[in-house]
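Engineer: Position 519 of the sequence shown, counting from 1, maps to 526 under our numbering, and the rest follow consecutively. This is the structure I have questions about; it appears just below.
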Amino acid sequence: MGQLDGCQATRQVLVISSHAVLAKAIEAAVRAVAMVSVMTVRDTGRASPRGAGPEVKPDLIILTDLSSKADPALTRQLVRALEGLQRVPVLVICEQPAPPRLRDSQVHYATFPFDPHALRERVERILCNEHDGGRGEANAGAGRARPRVLIVEDERIVAETLETTLDALGYQVVGSHPLAEQAVQAVHVDRPDLVLIDTHLKGPMDGIEAARLIQAKSDVPVVYLSAHTDADTLKRAMLTAPYGYILKPFEERELHSTVEIALQRARAERQARESERWMRALVESAADGVIATNAEGRVVLMNPVAEALTGLPQHASIGRPLGEVFHVQGTGSGGDPSRGPEGSGGGIVTVKSGDGSELLVDYTVSSMRDRDGAVQGQVLALRDVTERIQAQAVLRRQAEALAVRNEELAAFAHTVAHDIKDPLNVVYGYASLLISDWGGLSDTLIREGLRTIAEFSHRTANIVDELMLLATVLDAVVLPEPLSMPEIIAQAEARLTDMQQRTRASIRLACDTWPLALGYAPWIEEVWVNYLSNAMKYGGSPPVLELGAERVGTNVRFWVRDNGPGIKAEDQKQLFVPFTRLHQVRVTGQGLGLSIVSRIVSRLGGEVGVDSEPGAGSTFYFTLPACKGTATAQT
Numbered sequence: 008m009g010q011l012d013g014c015q016a017t018r019q020v021l022v023i024s025s026h027a028v029l030a031k032a033i034e035a036a037v038r039a040v041a042m043v044s045v046m047t048v049r050d051t052g053r054a055s056p057r058g059a060g061p062e063v064k065p066d067l068i069i070l071t072d073l074s075s076k077a078d079p080a081l082t083r084q085l086v087r088a089l090e091g092l093q094r095v096p097v098l099v100i101c102e103q104p105a106p107p108r109l110r111d112s113q114v115h116y117a118t119f120p121f122d123p124h125a126l127r128e129r130v131e132r133i134l135c136n137e138h139d140g141g142r143g144e145a146n147a148g149a150g151r152a153r154p155r156v157l158i159v160e161d162e163r164i165v166a167e168t169l170e171t172t173l174d175a176l177g178y179q180v181v182g183s184h185p186l187a188e189q190a191v192q193a194v195h196v197d198r199p200d201l202v203l204i205d206t207h208l209k210g211p212m213d214g215i216e217a218a219r220l221i222q223a224k225s226d227v228p229v230v231y232l233s234a235h236t237d238a239d240t241l242k243r244a245m246l247t248a249p250y251g252y253i254l255k256p257f258e259e260r261e262l263h264s265t266v267e268i269a270l271q272r273a274r275a276e277r278q279a280r281e282s283e284r285w286m287r288a289l290v291e292s293a294a295d296g297v298i299a300t301n302a303e304g305r306v307v308l309m310n311p312v313a314e315a316l317t318g319l320p321q322h323a324s325i326g327r328p329l330g331e332v333f334h335v336q337g338t339g340s341g342g343d344p345s346r347g348p349e350g351s352g353g354g355i356v357t358v359k360s361g362d363g364s365e366l367l368v369d370y371t372v373s374s375m376r377d378r379d380g381a382v383q384g385q386v387l388a389l390r391d392v393t394e395r396i397q398a399q400a401v402l403r404r405q406a407e408a409l410a411v412r413n414e415e416l417a418a419f420a421h422t423v424a425h426d427i428k429d430p431l432n433v434v435y436g437y438a439s440l441l442i443s444d445w446g447g448l449s450d451t452l453i454r455e456g457l458r459t460i461a462e463f464s465h466r467t468a469n470i471v472d473e474l475m476l477l478a479t480v481l482d483a484v485v486l487p488e489p490l491s492m493p494e495i496i497a498q499a500e501a502r503l504t505d506m507q508q509r510t511r512a513s514i515r516l517a518c519d520t521w522p523l524a525l526g527y528a529p530w531i532e533e534v535w536v537n538y539l540s541n542a543m544k545y546g547g548s549p550p551v552l553e554l555g556a557e558r559v560g561t562n563v564r565f566w567v568r569d570n571g572p573g574i575k576a577e578d579q580k581q582l583f584v585p586f587t588r589l590h591q592v593r594v595t596g597q598g599l600g601l602s603i604v605s606r607i608v609s610r611l612g613g614e615v616g617v618d619s620e621p622g623a624g625s626t627f628y629f630t631l632p633a634c635k636g637t638a639t640a641q642t
């Protein structure tokens, strides 16, 4: 199951924490490690926990220290206080990792909050490293060598923090240098997988110049770490095509994601270059097709490869016009070489092969001239590139799809990190207050705290529901069918009854009959719910909503008009961008609703948009393919 498969049978892990909930979380994560048993001791004072230790000597002690700064001295004092455990490795979970100079071979650090999967891997590495005498880091997880990172930073505290953070994230720091000249030399000695370098370094050479020299002599990716965002620095940095640019002070999440993306991009580029070199070698080793013509454009020579491309043997081609042998169907990016000397050059053309199929042929044509410059004929070099062009098209489509997915992933992470974290922090804060001071709080304050917890829990659940719906929209396969829009609108209004009563919103239908459109009813209901709820939130006081539809060409345009203050033109551009948030009057949305609307309508073959002017209200609309004919649905 993990790295402990090759270690001794059962390992003992002792968890010491003054935080009961945190201790349970650590215990749950560590218990998932194969062949590990967990013991938990409540540390209530940190002064002297003598006698608190287990009867069985543990193989690892996990401590929690959530003070403002981890204190290795206290850690070692606590370890010594546990009699007979001086040589047991210790993993301290703290909010700020200790500088490397304060660490030793016994004490390890992990940052809080932690990822359970990362914590399990860290525990496995420590236990296996202890078991095999220090070889565990090299042997643990065969084929999963830790990426090697070289740090170039002249601020000692920043460099030490970087080294500790990277180590905790699972990277191997192969060196840390304050001078650019040292970094250029170290790249060839230490052979890192990535260089993390400050743009402004002390000395005759700055980080940008060092990065240029490094990339000129190696394919090691460079990520900049800088406190400078001025135009000159950014311009010089961008000229070196960096793999990332992190602003100080950095955050662990940003550092981790930037380094991972840079390493993945470097691996992909190396693979691409290797594939390109391999393909080039294969192509260059293969003979091209060759056809030679005379001054009249008639074939005088063909080689076997050209025979295979054209489907005609040489003896049947000699003396015939080139156009009868080399059947060009489309000129593509090149001219038609069969038209004579004016076709000199090259390009890609579509030709008809001997079996009647069409091929994409990359050709170059050169004119043969006599001493006076008169054209005596042409030589064509031909290469079948059908598969290459098709593969490039597939790769281009895949790259575009991957880019979209990456944007969605980044947006998803942003939403989880911000929009979900904020209400959870409120819930956590009120819950902690109620737990710690229940007896000292009045009934009014207790009810208010519970109400707030319920409200923000419901808000978080709504965000999760929207994210799940968005994931469904991205991946689900649905079959569009005719929609009864009056029924869908009625269902959407029913879901918003409480909001309508609270906002005193009035809704009027501008259509007695609704044009029939093709779509998927559950998704379109979500579109109406989002449009209507937004109009109730941001409309007038009270909101007055008007709903309607009209046939526009082969589509049906549905709309919701409100009497609100309107939206500025610059804000309109951001409305349907995934996961953005507009700070408007009274209520701030979660930034997911209109993103979901855009995804749904796009998946169903339509478009979304808004018409609005400040002070004149807003009209949000979406289109769907119309059903054939003039069918309508009654209100």
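Cβ coordinates follow ideal geometry from the N, Cα and C atoms, glycine included.
Mind checking I396: buried by the 16 CB within 10 Å criterion, or exposed?
Structural biologist: The residue is exposed, with fewer than 16 neighbouring Cβ atoms inside 10 Å.
Engineer: On a Cα-Cα basis, can you pick out the residue from P211, Y178, A248 and R511 that is closest to D226?
Structural biologist: A248
Engineer: Under 8 Å, do V7 and D369 count as touching if we go by C-beta distance?
Structural biologist: With the chain running from 8 to 642 in the structure shown, residue 7 is simply not present.
Engineer: Give the secondary structure of S443 by DSSP, where H, G and I count as helix, E and B as strand, and everything else as coil.
Structural biologist: helix
Engineer: Buried or exposed for N537, going by 16 or more other Cβ atoms inside 10 Å?
Structural biologist: buried
Engineer: Assuming D205 is part of the beta strand (DSSP E), what are its boundary residues?
Structural biologist: L201 to D205
Engineer: Within 10 angstroms of its Cβ, does G380 collect 16 or more other Cβ (buried), or is it exposed?
Structural biologist: exposed
Engineer: Buried or exposed for D444, please, with buried defined as at least 16 other CB atoms from any protein chain shown within 10 angstroms of its CB.
Structural biologist: The residue in question, D444, is exposed, as its Cβ has fewer than 16 Cβ neighbours within 10 Å.
Engineer: Could you please give me the residues that DSSP links to P211 through a beta bridge?
Structural biologist: DSSP output for P211 lists no bridge partner at all.
Engineer: Under 8 Å, Cβ to Cβ, is there at least one residue of chain B near A275?
Structural biologist: Here there is only one protein chain, and chain B is not present.
Engineer: Quick one: Cα of E620 to Cα of S513, how far?
Structural biologist: 21 Å
Engineer: In the DSSP assignment, find the unbroken beta strand (DSSP E) run with A32 in it and report its ends.
Structural biologist: Counting along the chain, A32 falls outside any beta strand (DSSP E), though it belongs to the alpha helix (DSSP H) covering A27 to R38.
Engineer: Based on DSSP bridge pairs, tell me the residues matched to G353.
Structural biologist: Paired residues: T371.
Engineer: State the Cα-Cα distance for the pair R404 and V20, rounded to the nearest angstrom.
Structural biologist: 50 Å
Engineer: By the DSSP assignment, the beta strand (DSSP E) with T17 in it spans what residues?
Structural biologist: Per DSSP, T17 belongs to no beta strand (DSSP E) and is neither H nor E.
Engineer: Note down the Cα distance separating L457 from L441, rounded to an integer number of angstroms.
Structural biologist: 9 Å
Engineer: Going by beta carbon distance, what residues of the same chain come within less than 6 Å of F565, once the five residues before and after it are set aside?
Structural biologist: A556 and F629
Engineer: Going by DSSP, what residues sit across from F629 in a beta bridge?
Structural biologist: Answer is F565 and V615.
Engineer: Measure the C-alpha to C-alpha separation of R454 and R132 and round it to an integer number of angstroms.
Structural biologist: Going by C-alpha positions, R454 is about 47 Å away from R132.
Engineer: Mark Y435 as exposed unless 16 or more other C-beta atoms lie within 10 angstroms of its C-beta, in which case mark it buried.
Structural biologist: exposed
Engineer: Could you pull out every residue in the same chain whose Cβ sits closer than 6 Å to the Cβ of T626, ignoring the five residues on either side in sequence?
Structural biologist: W566, R568 and D618
Engineer: Return yes when the Cβ of P228 is within less than 8 Å of the Cβ of R272, no when it is not.
Structural biologist: Yes, Cβ-Cβ distance for R272 and P228 is below 8 Å.
Engineer: Which term fits M543, buried or exposed, when burial requires 16 or more other beta carbons within 10 angstroms of its beta carbon?
Structural biologist: buried
Engineer: What does the Cβ neighbour count give for L254, buried or exposed, with the cut at 16 atoms within 10 Å?
Structural biologist: exposed
Engineer: Which residue wins for smallest C-alpha separation from A3, given the options R502, W521 and P489?
Structural biologist: Residue 3 falls outside the range modelled here, since the chain spans only 8 to 642, and no answer is possible.
Engineer: Would you be able to state if there are at least three C-beta pairs under 8 Å between the stretch 256-263 and the stretch 168-176?
Structural biologist: yes
Engineer: Okay, do the stretch 174-182 and the stretch 192-200 touch, 3+ Cβ pairs below 8 Å being the bar?
Structural biologist: yes
Engineer: What three-state label does DSSP hand A524 in the structure shown?
Structural biologist: strand
Engineer: How would you label V28, buried or exposed, when you count the other beta carbons within 10 angstroms and need 16 or more for buried?
Structural biologist: exposed
Engineer: Grab me the residues of T561's own chain with a C-beta within less than 7 Å of its C-beta, minus the 5 sequence neighbours each way, in chain order.
Structural biologist: Closer than 7 Å at the Cβ level, and outside the excluded window around T561, lie P632 and A633.
Engineer: Since L157 and V194 are thought to touch, with beta carbons under 8 Å apart, how far apart are those beta carbons, to the nearest angstrom?
Structural biologist: 7 Å
Engineer: With a CB to CB cut of under 7 Å and the five nearest residues on each side skipped, what residues in its chain are close to P328?
Structural biologist: G304 and R305
Engineer: Between L98, R127, L134 and C135, which lies nearest to A117 when the distance is taken from Cα to Cα?
Structural biologist: L98
Engineer: Under a three-way DSSP split, which group does E250 fall into?
Structural biologist: The sequence shown places Tyr at residue 250, not Glu. Y250 falls in the coil class under three-state DSSP.
Engineer: Do you know how far the Cα of S439 is from the Cα of A32?
Structural biologist: 17 Å
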